[in-house]
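Take the sequence shown: its letter number 225 is residue 224 in numbering that gives the first Met the number 0, and every next letter is one higher. Encoded as structure tokens, the structure appears first; notes follow it.
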Amino acid sequence: MTTLAARRLLLVHAHPDDESIGTGATMAYYAASGAQVTLVTCTLGEEGEIHVPALAGLAAAEADQLGGYRIAELAAACAALGVTDHRFLGGAGRYRDSGMMGLPTNDQPRAFWQADLDTAAGYLVEVMREVRPQVLVTYDPNGFYGHPDHIQAHRVAMRAAELATAEGFGPDKIYWTAMPKSVLEAGMTAFAESADNPFAGIEQPEDLPFGSPDDQIVARIDGTDQHAAKEAAMRAHATQIPDNSWLYSIAGNFGSEFMGVEYYTLAVGTKGPGAGPYGWEDDLFAGLTPDPAADPAESVAVVGAPSTVPVTPAEAGVR
Ligand SMILES: [Zn+2]
Numbered sequence: 000m001t002t003l004a005a006r007r008l009l010l011v012h013a014h015p016d017d018e019s020i021g022t023g024a025t026m027a028y029y030a031a032s033g034a035q036v037t038l039v040t041c042t043l044g045e046e047g048e049i050h051v052p053a054l055a056g057l058a059a060a061e062a063d064q065l066g067g068y069r070i071a072e073l074a075a076a077c078a079a080l081g082v083t084d085h086r087f088l089g090g091a092g093r094y095r096d097s098g099m100m101g102l103p104t105n106d107q108p109r110a111f112w113q114a115d116l117d118t119a120a121g122y123l124v125e126v127m128r129e130v131r132p133q134v135l136v137t138y139d140p141n142g143f144y145g146h147p148d149h150i151q152a153h154r155v156a157m158r159a160a161e162l163a164t165a166e167g168f169g170p171d172k173i174y175w176t177a178m179p180k181s182v183l184e185a186g187m188t189a190f191a192e193s194a195d196n197p198f199a200g201i202e203q204p205e206d207l208p209f210g211s212p213d214d215q216i217v218a219r220i221d222g223t224d225q226h227a228a229k230e231a232a233m234r235a236h237a238t239q240i241p242d243n244s245w246l247y248s249i250a251g252n253f254g255s256e257f258m259g260v261e262y263y264t265l266a267v268g269t270k271g272p273g274a275g276p277y278g279w280e281d282d283l284f285a286g287l288t289p290d291p292a293a294d295p296a297e298s299v300a301v302v303g304a305p306s307t308v309p310v311t312p313a314e315a316g317v318r
């Protein structure tokens, strides 16, 4: 029997590249600190736009080979993040990218949007049975920004957690990716005069399909030391993210914090100790007791690693 790592993090994402853009710093941070990081990607991203002219013929309407190509991009991204355990839900090609909401691709028989919830959740339960994650990361009920595959990833992850919990190995905490409104406001201000403004046409954070009030954010993961790994992982998804993307240029305005700091709301579990005006945790494992069944060698390493700042529950604003 293999021994489990002391800290085990499972992330459920919709398409290759979502892991790097949304949670790359978090994944690199925990991989570097010795935690077990498992990524499950639900589709191959077959319907993505292609930003490399020489590869344009791979598109869904042409050779329809983009999904296979993106397996290699995802592998390279995971290597950059230091993540060695990545899987596709139900195996590579089980579910197809549904395309943007309302498109005919939503109705394809293999589209993830058409997936039977319990069947898809069953594949994820099998991963949970093996990995036994204490922490699960996925999207909020709107899939962070409304893409059908992101909404479906949320539903599948939450259903799988429910089923795993009924069997006694559900995650202790479930986080949803989030963006604080204060960070969006700062971004809008910083880009107001830029010709490359990702917020063009947006007058207030409420106009965006995402953004959470700061007092609803529960965790702020500072992976600024891993910002280069996150950028390298994003660059591995070259078909999806052009070299001149604002995702890279924004780093010039915000520095490594834009790339390296990621935020979460807590959907299931008890908030651990944190700091600052809202008691934000700086560790997704904050407040969890170490797993007695875990590898003792790794547990020792974890004890020596910086994690949570001890504060009283009152200071932390524990709910
Ligand atoms: Zn996506």
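Idealized CB from N, CA, C, for every residue including glycine.
Closer than 7 angstroms by C-beta to ARG93: which residues in its own chain qualify, once you throw out the five before and the five after it? Chain order, please.
PHE87, listed in sequence order.
With a cut-off of 8 angstroms, do at least 3 Cβ pairs link the region 177–184 to the region 56–64?
Because the criterion of three Cβ pairs below 8 angstroms is not met, the region 177–184 and the region 56–64 do not touch.
Buried versus exposed call for VAL130 [16 or more other C-beta atoms within 10 Å across all chains shown]:
VAL130 should be labelled buried.
Regarding ASP139 and ligand 1, is the C-beta to nearest heavy atom distance less than 7 angstroms?
For ASP139, the shortest separation between its Cβ and any heavy atom of ligand 1 does not lie below 7 angstroms.
Using a Cβ-based criterion (distance less than 7 angstroms to any ligand heavy atom), does HIS149 qualify as near ligand 1?
Yes, ligand 1 has a heavy atom inside 7 angstroms of this Cβ.
One or two residues paired with VAL134 in a DSSP bridge
DSSP lists LEU8, LYS172 as partners of VAL134.
Candidates GLN225, ILE240, GLY268, of which the one nearest GLY254 by Cα:
Closest in alpha carbon position to GLY254, among GLN225, ILE240, GLY268, is GLN225.
Tell me, please, which residues DSSP counts as bridged to SER330.
Absent from the structure is residue 330, since the part of the chain shown begins at 0 and ends at 318.
Residue range of the alpha helix (DSSP H) that includes PHE87
Unbroken run through PHE87 is the beta strand (DSSP E), 84–87; no alpha helix (DSSP H).
What residue range does the alpha helix (DSSP H) around LEU65 cover?
Residues 65–80.
Please tell me whether, using a cut-off of 7 angstroms, the distance from the CB of ALA13 to the nearest non-hydrogen atom of ligand 1 is below it.
Yes; taking the cut-off as 7 angstroms, the Cβ of ALA13 has a heavy atom of ligand 1 nearer than that.
Any idea what DSSP makes of THR25, helix, strand or coil?
Correct three-state label for THR25: helix.
Where ALA165 sits in the DSSP three-state scheme
In this structure, ALA165 counts as helix in the three-state DSSP scheme.
Taking Cβ positions, are LEU43 and ARG6 nearer each other than 8 angstroms?
The Cβ atoms of LEU43 and ARG6 lie no closer than 8 angstroms to each other.
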